[in-house]
Every structure is written in structure tokens, then in C-alpha cells.
DNA sequence: ATTGACATGAGACAAATGCCTCATTAGAAT
DNA sequence: ATTCTAATGAGGCATTTGTCTCATGTCAAT
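Protein chains in written order, with our numbering: chain A, 12 to 214; chain B, 12 to 214.
If you want it as C-alpha cells, here you go:
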């Protein structure tokens, strides 16, 4: 593995970027490129690719990762509503769309994230999974925070996180086998139900 | 691949079982056995292993699959309650426990299920993912079916399926990074909220 | 008991994976 | 401009993966 934070940052960033872009490009075209393909497309030697990524799976997963999910600020830029349900539906819409638009990458990413803890030596620290979901949920609820108690808010955010992320879309597709429209409908209903339940004084 | 339903069913089932058992045994011991290891342990030639499973991933995933989740009948055997919330919590408890008890296998299984649609030739049929969740949810709601309209029932079942399965446990662990107790608490709250929302006349 | 279809074992093969070393190159600091 | 070090390229190596062929063994039906 190449050094992390000294020496030649530019060069390192460039080759890293080239590798990820090549991987993304090849995946967009067709199935599962080999590390050799990626390295060749990035005009980088195979050894160098292994210096940046522990294995081909990690490379592909990370290349799948730069699906740009809008952040909270841009998502709520022109939005004036205070209604948490409306704002949550905006979040769900954005995430849902990102998933269906980049479904193969999202699936690969999820698979990698889910098994990462297995392939590292036991007793070693598990790198935290990157998380775009909670900040968005939090931002959606921000204007209405006063409506909930602190514990209820936390509980609500966690429950919502079970519904709005990648996994929800995948479950709807693979387990429930329903189409996008119905999946969206189910989630919207659930979101509203949870928010309203959290609004109640207690329990 | 070996024939599916003619010839010598006994022999086929035996070797298939031997392979799966060997894979399960080796996985229980340590990390990720190679197909060669599995074949050797099953006292079967490598070629034969490939005749039963398309690749090592499928073998390991299927070997992880025989985690016995109780079916609806045994789960509700001594149960007299009609309350759907209580019954749903029983289901959630059972599934949650099955996941945490066999976490590595469940993760492998999920990863395989999630990416299976990617590695098959495009345009080909996607084999349905096996589903233990909906029947259990359905059984939990069965005594209370009259309380819901048909559309509301469907919607409720789908929403619940987003919360109670494997994915929910994984999200709680990896994304929310909360412990089992809190995960259970969040899910119980969400389940109750959804059921009660579905009870209301409409919307 | 014999036959015929079916399952298996043995081994060859190309490709991919991950790891390694050593020489060369390119960037950063002086 | 020179120097030193970090990054790279080239290639080798052992292992694994997945596919194929052909000979052999074995089950089941007659």
C-alpha cells in the first residue's frame, strides 16, 4: 500500500482518481471488469492498482461510491416548507432515485459494505460504513425539531433510516417484488405514519 | 451442471448435501474456504462441485442459507394473543435473533442475494429471492385481518417488511451503529406506530 | 445379471488474483 | 539544478477460479 499523507499527494490523487474513473467507466459499459482491465484502462500497472486498493472488490465498490447524492443544502435549497413529512419525502425521493438510477453500483456497494466486516482479521477494527442517510433525515426534520422530545426524535430518525436508504429500495425490489411506484407509495405512507406517531406526547 | 430431476436423485442429493455441509463446517471454523478446500472436505472432486454450484460464491451463500428460522406455525404454537403488535414483535424477535446468532452467514447470504442480479446475463430471468419474511408477517397479522381494509393491509405488510428482516438488523448495526437492545426498541416502536396508523379508517 | 444412462474423478487449461522484488521515473525540497 | 525519496512499471510466482474432456464407476430399470 502506498503512503497516506506524505511524499507526493498530487501524483497519488491523480492515479487514484484515474483508477476509480476507469473502474466506473468499465462498469458502466458491462459486467465485472477484472483488475487487469481497470489498470489497463487507467494506463496504470497492475501492481500500482494493488498499491491503492486491497482487492478488486474494494476497487469496484469504491468506484460505485461516487454516485452523487445531493447533500442536504442543495436538496432543500429552494424549499420553504417546514412540514417534516414533505421534507422527508423529498429525501426519500432523492435517495430512491439515486438508487434506481445507479442500481448496479448501489448493489455492489451494498454487498461490499455488508461483507466487509467478515473479510478483515477478527478482533480488528471495522471501518464505519459511510452514511449519507442520517444527515439528510436530520436536515429534513430540523425545522420541526421542537415538535418532538429528544428521545422521540432519535427514535424517529432511526426508524426512518430503516425505510429510506438503499436497503429499502432493494427489499422492495427483491423481496416484495413491487415496482418503483408502489415502493414509493408504501414508503411515503410509512414515513407519514412514523412522523405522526412520534408527534404524540408519548408511546 | 448436473441434471435437475431425472436419473439418480439420491446420489445427487447426497453429494449436494455433503458439499453444503462441508462448506458450512469450514466457514464455521474460519474465514473463506476455497472451493478446493470444500471439495476436499466433502470428499468430492472439484469438477463435481462445479457441477452443482456455478461458482464458489453461490456455494458459500447457499451453505449459509440453512439457518433455521422457525416457520409461522411453530412460532405461534403456544400463542393465544390476537394482538397484531404483540405477534409482530414475536416475529421481529425471532428474525432478529436468527440474524445476530448467524451474523456472518446472514451477511454473506445478503451480499450474494443483492448482487445475484448483476452477475447473470442481462435480459435473463432473475431468480426470486427466497423470502421468509412476508409469510411470518402475514401470519402475525392473520387474527386481526378484519381490522384493516385490504389495501391498508397490503401496505402495512410491505412497510413492515422494510423493518423486520435481515436488512433492518444490518442497517441498525452498520449505519446507525446502535446495539441490539436499542435496535429492538426502535423496531418495536416503529411496528406499533405502523400498525396503529393502518388501523385508522383511511390515510 | 445385464444394460444403458447418469454421476463422478482425474487432469489439463487459460485466466485472474494477490503478493513480491528490483530497476526506473517523477515529484518535492533544498 | 541537484538530490533524495516516494511512486511506478515490469515481471515473476504461487494460488484460485472456472471450464472442458475423457475415462471410469455406479445406480436403476429391465
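All residues carry an ideal CB built from backbone N, CA and C; glycine is no exception.
What number of angstroms, rounded off, separates the C-alpha of residue i from the C-alpha of residue j?
i: residue 159 of chain B; j: residue 205 of chain B; result: 12 angstroms
i: residue 98 of chain B; j: residue 71 of chain A; result: 42 angstroms
i: residue 142 of chain A; j: residue 83 of chain A; result: 13 angstroms
i: residue 192 of chain A; j: residue 46 of chain B; result: 42 angstroms
i: residue 107 of chain A; j: residue 103 of chain B; result: 25 angstroms
i: residue 197 of chain B; j: residue 53 of chain B; result: 43 angstroms
i: residue 163 of chain A; j: residue 156 of chain A; result: 10 angstroms
i: residue 185 of chain B; j: residue 13 of chain B; result: 39 angstroms
i: residue 92 of chain B; j: residue 200 of chain A; result: 27 angstroms
i: residue 147 of chain A; j: residue 129 of chain B; result: 28 angstroms
i: residue 24 of chain A; j: residue 119 of chain A; result: 23 angstroms
i: residue 145 of chain A; j: residue 168 of chain A; result: 7 angstroms
i: residue 68 of chain B; j: residue 112 of chain A; result: 26 angstroms
i: residue 209 of chain A; j: residue 152 of chain A; result: 12 angstroms
i: residue 90 of chain B; j: residue 207 of chain B; result: 21 angstroms
i: residue 55 of chain B; j: residue 28 of chain B; result: 11 angstroms
i: residue 202 of chain B; j: residue 96 of chain B; result: 7 angstroms
i: residue 214 of chain A; j: residue 121 of chain A; result: Any reading at residue 214 of chain A must be qualified, since the residue scores a pLDDT of 44, below 50, and its modelled position is unreliable; the value itself is stated next. Rounded to the nearest angstrom, the two C-alpha atoms are 34 angstroms apart.
i: residue 19 of chain B; j: residue 124 of chain B; result: 29 angstroms
i: residue 126 of chain A; j: residue 105 of chain A; result: 26 angstroms
i: residue 26 of chain A; j: residue 62 of chain A; result: 11 angstroms
i: residue 16 of chain A; j: residue 187 of chain B; result: 29 angstroms
i: residue 94 of chain A; j: residue 66 of chain A; result: 45 angstroms
i: residue 114 of chain B; j: residue 183 of chain B; result: 13 angstroms
i: residue 211 of chain B; j: residue 86 of chain A; result: 32 angstroms
i: residue 41 of chain A; j: residue 101 of chain A; result: 32 angstroms
i: residue 194 of chain B; j: residue 161 of chain A; result: 17 angstroms
i: residue 88 of chain A; j: residue 154 of chain A; result: 14 angstroms
Can you find the residues in the same chain that come closer than 7 angstroms, C-beta to C-beta, to residue i, ignoring five residues on each side of it along the sequence?
i: residue 74 of chain A; result: 31, 34, 35, 38
i: residue 109 of chain B; result: 78, 80
i: residue 21 of chain B; result: none
Quick one: what's got a C-beta closer than 8 angstroms to residue i's C-beta in the same chain, skipping five residues either side?
i: residue 43 of chain A; result: 71
i: residue 57 of chain A; result: 46, 47, 50
i: residue 166 of chain A; result: 209
i: residue 60 of chain B; result: 30, 46, 49, 50, 53, 70
i: residue 190 of chain B; result: none
i: residue 76 of chain B; result: 116, 120, 141
Let's see if you can read the secondary structure: which residues bound the alpha helix (DSSP H) around residue i?
i: residue 49 of chain A; result: 46 to 52
i: residue 38 of chain A; result: 20 to 40
i: residue 149 of chain B; result: 144 to 152
i: residue 68 of chain B; result: 67 to 74
i: residue 199 of chain B; result: 191 to 210
i: residue 104 of chain A; result: 95 to 112
i: residue 180 of chain A; result: 177 to 181
i: residue 140 of chain A; result: Element bounds for residue 140 of chain A: n/a, residue is neither H nor E.
i: residue 84 of chain B; result: 83 to 86
i: residue 62 of chain B; result: 57 to 63
Enumerate in chain order the residues of its own chain whose CB-to-CB distance from residue i is below 6 angstroms, with the five nearest sequence positions on each side excluded.
i: residue 117 of chain B; result: 110, 177
i: residue 150 of chain A; result: 83
i: residue 64 of chain B; result: 70
Residues within the segment 146 to 178 of chain A neighbouring chain B, beta-carbon criterion of under 7 angstroms: 166, 169, 170, 172, 173, 174, 176, 178
Residues, ordered as in the chain, of the segment 105 to 134 of chain A that lie near chain B by beta-carbon distance below 8 angstroms: 115, 118, 119, 121, 122, 123, 124, 125, 126, 128, 129, 130
Residues within the segment 188 to 202 of chain A neighbouring chain B, beta-carbon criterion of under 9 angstroms: 188, 189, 193, 194, 196, 197, 198, 200, 201
Contact the segment 155 to 173 of chain B vs the segment 170 to 185 of chain A: 3+ CB pairs below 8 angstroms: Yes, the segment 155 to 173 of chain B touches the segment 170 to 185 of chain A.
Members of the segment 30 to 58 of chain B that neighbour chain A once the beta carbon cut-off is set at 8 angstroms: 42, 43
Residues of the segment 68 to 94 of chain A whose Cβ lies closer than 7 angstroms to any Cβ of chain B, in chain order: none
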